[in-house]
Each structure stands twice: as structure tokens, then as C-alpha cells.
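2 protein chains.
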Amino acid sequence: MQSLQRIDQAVARALQSAEARGAPPRLAAAIRHAVLPGGARIRPQLTLAVAAACGDDAPELADGAAAALELMHCASLVHDDLPCFDDALVRRGRPSVVAAHGERCAVLAGDALIVMAFEALARGARRAPLRLPALMAVLSARVGMPQGIVAGQGWECEDWVALPDYQRAKTGSLFAAATEMGALAAGADPAPWRAFGECLGEAYQIADDIRDVAGDLQTLGKPVDRDRTLGRPSAVAELGMAGALAYFEGLVDRAGAAVPEGPGARTLRAILHAEAERLLPESLRAQALPMAAAAA
Amino acid sequence: MQSLQRIDQAVARALQSAEARGAPPRLAAAIRHAVLPGGARIRPQLTLAVAAACGDDAPELADGAAAALELMHCASLVHDDLPCFDDALVRRGRPSVVAAHGERCAVLAGDALIVMAFEALARGARRAPLRLPALMAVLSARVGMPQGIVAGQGWECEDWVALPDYQRAKTGSLFAAATEMGALAAGADPAPWRAFGECLGEAYQIADDIRDVAGDLQTLGKPVDRDRTLGRPSAVAELGMAGALAYFEGLVDRAGAAVPEGPGARTLRAILHAEAERLLPESLRAQALPMAAAAA
Numbered sequence: 320m321q322s323l324q325r326i327d328q329a330v331a332r333a334l335q336s337a338e339a340r341g342a343p344p345r346l347a348a349a350i351r352h353a354v355l356p357g358g359a360r361i362r363p364q365l366t367l368a369v370a371a372a373c374g375d376d377a378p379e380l381a382d383g384a385a386a387a388l389e390l391m392h393c394a395s396l397v398h399d400d401l402p403c404f405d406d407a408l409v410r411r412g413r414p415s416v417v418a419a420h421g422e423r424c425a426v427l428a429g430d431a432l433i434v435m436a437f438e439a440l441a442r443g444a445r446r447a448p449l450r451l452p453a454l455m456a457v458l459s460a461r462v463g464m465p466q467g468i469v470a471g472q473g474w475e476c477e478d479w480v481a482l483p484d485y486q487r488a489k490t491g492s493l494f495a496a497a498t499e500m501g502a503l504a505a506g507a508d509p510a511p512w513r514a515f516g517e518c519l520g521e522a523y524q525i526a527d528d529i530r531d532v533a534g535d536l537q538t539l540g541k542p543v544d545r546d547r548t549l550g551r552p553s554a555v556a557e558l559g560m561a562g563a564l565a566y567f568e569g570l571v572d573r574a575g576a577a578v579p580e581g582p583g584a585r586t587l588r589a590i591l592h593a594e595a596e597r598l599l600p601e602s603l604r605a606q607a608l609p610m611a612a613a614a615a
Numbered sequence: 320m321q322s323l324q325r326i327d328q329a330v331a332r333a334l335q336s337a338e339a340r341g342a343p344p345r346l347a348a349a350i351r352h353a354v355l356p357g358g359a360r361i362r363p364q365l366t367l368a369v370a371a372a373c374g375d376d377a378p379e380l381a382d383g384a385a386a387a388l389e390l391m392h393c394a395s396l397v398h399d400d401l402p403c404f405d406d407a408l409v410r411r412g413r414p415s416v417v418a419a420h421g422e423r424c425a426v427l428a429g430d431a432l433i434v435m436a437f438e439a440l441a442r443g444a445r446r447a448p449l450r451l452p453a454l455m456a457v458l459s460a461r462v463g464m465p466q467g468i469v470a471g472q473g474w475e476c477e478d479w480v481a482l483p484d485y486q487r488a489k490t491g492s493l494f495a496a497a498t499e500m501g502a503l504a505a506g507a508d509p510a511p512w513r514a515f516g517e518c519l520g521e522a523y524q525i526a527d528d529i530r531d532v533a534g535d536l537q538t539l540g541k542p543v544d545r546d547r548t549l550g551r552p553s554a555v556a557e558l559g560m561a562g563a564l565a566y567f568e569g570l571v572d573r574a575g576a577a578v579p580e581g582p583g584a585r586t587l588r589a590i591l592h593a594e595a596e597r598l599l600p601e602s603l604r605a606q607a608l609p610m611a612a613a614a615a
């Protein structure tokens, strides 16, 4: 089965369970809105690609880990869009969850999605329960305190933060989790996979900063120039556009070099290359692509 | 070791890990504020009491389950107090998390606490990993969708809700989890313990409704008459004060009758009796106590 199909099915199973008999209908609709139709599903794809590179001997568990990461990512988007943070009315080219379903349902949808993520992971572990504690430890560490995505968002409440720390926690940590959990789900050592995920994740955050300045509403699916408006840390604000592009390219290089050699390395570098291309606004690709291509 | 001491230590371990090097300091302070000093810690006490009644052969796991329930409870209080829900400035007799640390830290503290809860459970399961999947399934179901405490709060976003469904999800479910997880942590069947937790939890919610009307700020630790102000479902609004008291007493009776017979039954009924007494405002105890005492 193709990996996108596996991810869709795993996410659908989680949704189905959340919408079962007795669920409050408005909250259920807000959760569905947060999850479907999905974005690029890059994190769960990474998980399945790494699991495949490690043998994928427990595919149900890899699917559970992939769904968990996607649900966590959706939870973070829903809470990021709340009025007290980004106050974003548009997400993925349509109304955000908070715009469509109100603030109360948005808070609760994020909470429910965090719980659903752990639930999906545990459900996938039924036939391989001995792998569950380590998977939970990684997922908790990469999402929660002191250095997960929630901690990363927490840095927005501080007066000052070092940009790399912020980027690493806010975005890099869930990408690291995606690669580590792919390995763990297949019974492999996660340590060699961490750097690949971290570099790719940091590259994502930089690309996001670049698109925030150089993108347009239509391709971005959300308003531009929000970082400056909201006074958020941004690679473009700190390094300038040329500096941010060079930083991005360096991270893509490092991610490519960090892929452990083995049967899946070629596929993973191909994903990296395609993503690096997709991530930049068209107008900037000519500048950045030669280096990204060299890394792939 | 006394159970309160075990709970304090398990919660402190979770806090310590959240506050480790690299944590954003304001968010870390908000999380500490949410958890310490604690309230009655009744849910984790129930867990340990049921685990003890079932032999408590894996005390680390029982401690992890107890901490998980307390952290989930704290998460729900922090998010309930947000401006879009109760807009509460006072909790446990001092400023609420949102009043003391702002809305952004309050949203993130709740998110982090949910993650910390699963993390504490997984950490406790290191020596008994085969018990972890079932514990996670119960915790997820009783916290998330479609019928956990998040779903219960979700009913506040609907135009109409049946009071028992609302009470059962919003409060009863975490009490059910407390008893079921105590049994599971000790390797016992959770099914016989569920009704005890559910009845006790529903009694708690009714007592909360009663105190909201008949209590005072000092003993309640939060403003009174919030349910009516906020238009929330309330047993007192629906049944009148006498009806709500009778309903409460009936639930305490049923909880007492639902305790499975065995070596721990006497201790559990004693906890139930003490709690039933503690839960009602002093002015109402004379009316209700004879029946509560009969149940104990």
C-alpha cells in the first residue's frame, strides 16, 4: 500500500473513533476540520519512509506512530491559530478551525487531538507492546516540555529567545520525532535517525519564515508577513532574505548527509529533494535549487 | 509510604522533567502554578487505594497512573479557566493560571500537562510494559473523545445537552479512569471498579453545582454562582437545591454499593464517607450526612 494511503487510513481510524456515538457534534466537526483535508502529511510520510528503511516489521505500529505525529501537528496548528497567538482566520486556504468553529471548540479540538495522538499510537502497539514505552517517551519529549513543540511555542511568551533554540523546538522536534519513531516502530535504534529529522525540521521552519515574506496568499494558504506583524522570531528578520536562503540550503545539505546509509537512503534523499523544491516560493527556487539538488 | 506522599513525589518527578534545562521559564512557571500546591488529589488517591485493594504488585506503575490522572485534572482546570470558557480569575483560593501567567501560557500549560500525563504513565510502565496499552486506552477514552472530560467540556458548546450525559463525561469519566487505572496498574480486571468511580465522579459534579450556589468564596476558593452567570448546565438549576441534594445522596449510596467486596473495601468506603462529608457546604451537611453515613 502507498504510504499516503496508509496515513489516510490511520488518520481516518482515529477520527472515526473520536466521532463515535455520544460525541458532542460541534467539537467533533471542529476536529474533523482540523485533520481533513490534510496538508502535505510530510511528518507521517517521513515516519513510514524511515520505518521502511528499517524493515517495517510491525506496519500497524508504524501506521499508529505516523497517525500520532500527524494528529499532534494538527493540534499545534489549531492552537497556534487561536486569538492569543496568531489570531489566524485562514489556514490551508480555507477558514481556520477557530474561524469556522469558534474559540471554545478550537481549544478543545487541540486538546482532543493530543489525546487522540497517544491513543492512535497505543492502538497501533497492540501486537508489539514492548516497543510502546520508548515510542511514548520520544513522542512526549518532542511534543511537550522542556524542548518539544509546546515548549517552542512557549518561547513566544518570552522577551528574548535564541533563534536556533526556538526553531529547533517549535518545528525541528516533531521532525526528529518522525524519524526516530519510524525507526522505533520497526524495532531499530532511533539515534542515527535523529539528526536527519532535526535538520529537515529546522529547514522547514526557515522555509516557512521565507514564504511568510516572499510567498503569496494563494500558494501559502494563509496570510503573508505575519511574523513581522506579530513580532515573532524569524530567520528573515534576523539574517535577511539572502542569509535565510543560505541557512536553508545549508540545512538541506546537512539533512542529506545525515541520512544513514542503507537500503532506504536513496528514497529518503529523493523525498528530501522534492520537499526542498516544494518548500520555496517559485520566485526563489532558481537561487536555491542548485544547492538543494546537490544535497539530494 | 503514605499515598499522599507517593502522589506528591510522582507529580514532582513529572514537574522536574518539565522544568529541565532548556525549558521556557514563563511556561515552566505556569505549569508549576497549575500543579502546586495541589487540591484534594482525590483522583490519584482513588487510584492508589484501588491498586492497593488489588495487591499493588507494580507500585511504580500505580504511581505513574496516579500522577497521570492528577496532571490531566490540572490541565482541564487550566483550560476551563480560559476567558472563552469560565473566564475565572481565582482558583484554589489564589489567582488562576490564566490570571497569573496570561492566556498564552495558560493554553500551552494545559497542552503540556496533557503530554506530561502520558509521559508519567509511560515512565511508570518501564518494568511492566505489557500493562501500558490497556492503561493508555482507558486514559485516552476517559479524557478525550467521544465521552471523556474534553468531550464533556465540548457539550458546553452545544445548545442543548442532557444533564447526566454532561456530568458523566465532564467529571465522572476521570473518576472512572482513576478506579479502572488503579486496577489495571495492579494487573487486575478494571471492569468491576468502573461503576464505583462513575458514581463517585457524578456525585462530585453535583456537589460542585451545590457549592456553586450554597458555598462562599473562602471555602470554595473560587467565585460562587458561576454556573448561572455562565448559563451552564447545573443540577441545582435543573432539580432545585433539595432535588440536587437528594440526587447527590443517591449517588454516594450507589458508589458505596458498587465497591467490590475484598480486602480494600473498608478503606475505600471510608474514603467515600470522608469525601462526601468534605464536599458539601457546612450549612447543608446536617441535611445530607445521615444518608451519606449510611452509605459508608
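Here the protein sequences line up with chains A and B, keeping their order. To convert, take the position in the first sequence, counting from 1, and add 319; that gives the numbering used here. To convert, take the position in the second sequence, counting from 1, and add 319; that gives the numbering used here. C-beta atoms are modelled at their ideal positions from N, C-alpha and C, and glycine is treated no differently.
Asked	Found
Interface residues of the region 338 to 364 of chain A facing chain B [CB-CB below 9 Å]	Glu338, Ala339, Arg340, Gly341, Ala342, Pro343, Pro344, Arg345, Leu346, Ala347, Ala349, Ile350
Counterpart residues of A/Arg410 in DSSP-defined beta bridges	A/Arg413
Boundaries of the alpha helix (DSSP H) in which B/Thr498 is found, first to last residue	492 to 504
Rounded separation between B/Asp382 and A/Val369 - CA only	35 Å
Neighbour-count burial assignment, A/Trp479, 16 or more Cβ in a 10 Å radius	exposed
Reduced DSSP secondary structure (H/G/I, E/B, other) of B/Trp479	coil
Length-filtered (3 minimum) beta strand (DSSP E) runs lying within the region 361 to 427 of chain A	none
Exposure of A/Gln648, with buried meaning 16 or more beta-carbon neighbours within 10 Å	Chain A is shown only over 320 to 615; residue 648 of chain A falls outside these bounds and no answer can be derived.
Cβ neighbour criterion (16 or more within 10 Å) applied to A/Thr548	exposed
Cα-Cα separation, B/Ala301 to B/Ala563	Outside the displayed span of chain B (320 to 615) sits residue 301 of chain B, for which this structure offers no information.
A/Gly473 - containing alpha helix (DSSP H), residue span	468 to 473
Alpha helix (DSSP H) segment containing B/Arg530, residue limits	510 to 533
Nearest neighbour of B/Ala589, chosen from B/Asp572, B/Glu601, B/Arg604 [CA to CA]	B/Asp572
Top-ranked residue by Cα proximity to A/Arg325, from A/Leu346, A/Ala502, A/Ala371	A/Ala371
CB contact below 8 Å: B/Gly491 versus chain A	no
Integer Cβ distance of B/Ala618 from B/Leu408, believed to fall under 8 Å	There is no way to answer for residue 618 of chain B, as the model of chain B reaches only from 320 to 615.
Straight-line Cα distance separating A/Leu519 from A/Gly569	10 Å
Simplified DSSP state of B/Pro579, which is helix, strand or coil	coil
Chain B contact for A/Trp479 (CB, 8 Å cutoff)	no
Straight-line Cα distance separating B/Gly341 from B/Asp430	18 Å
Cβ-Cβ distance between A/Ala377 and A/Gly506 below 8 Å	yes
Positions along the region 434 to 450 of chain A whose CB lies within less than 7 Å of some CB in chain B	Val434, Met435, Phe437, Glu438, Ala441, Ala444, Arg445, Pro448, Leu449
Min CB distance A/Asp544 to chain B below 8 Å	no
Three-state class that DSSP yields for B/Leu564 in the structure shown	helix
Beta-carbon gap between A/Ala333 and A/Val397 smaller than 8 Å	no
Whether B/Ala436 touches B/Ile350 by CB criterion (8 Å)	no
Between the CA atoms of B/Leu365 and B/Pro509 - distance to the nearest angstrom	13 Å
Through-space distance from A/Val416 to A/Asp531, alpha-carbon basis	20 Å
Chain-ordered residues of the region 393 to 404 of chain A with a beta carbon less than 8 Å from chain B	Ala394, His398, Leu401, Cys403, Phe404
A/Ser602 - DSSP class collapsed to helix/strand/coil	helix
Option in B/Ala533, B/Arg413, B/Pro465, B/Leu503 with minimal Cα separation from B/Glu379	B/Leu503
B/Ala574 to A/Asp375 span [Cα, whole Å]	47 Å
Chain A contact for B/Gln486 (CB, 8 Å cutoff)	no
8 Å Cβ cutoff met for B/Glu389 and B/Val426	no
Distance between B/Glu338 and A/Met464 (C-alpha atoms, nearest Å)	7 Å
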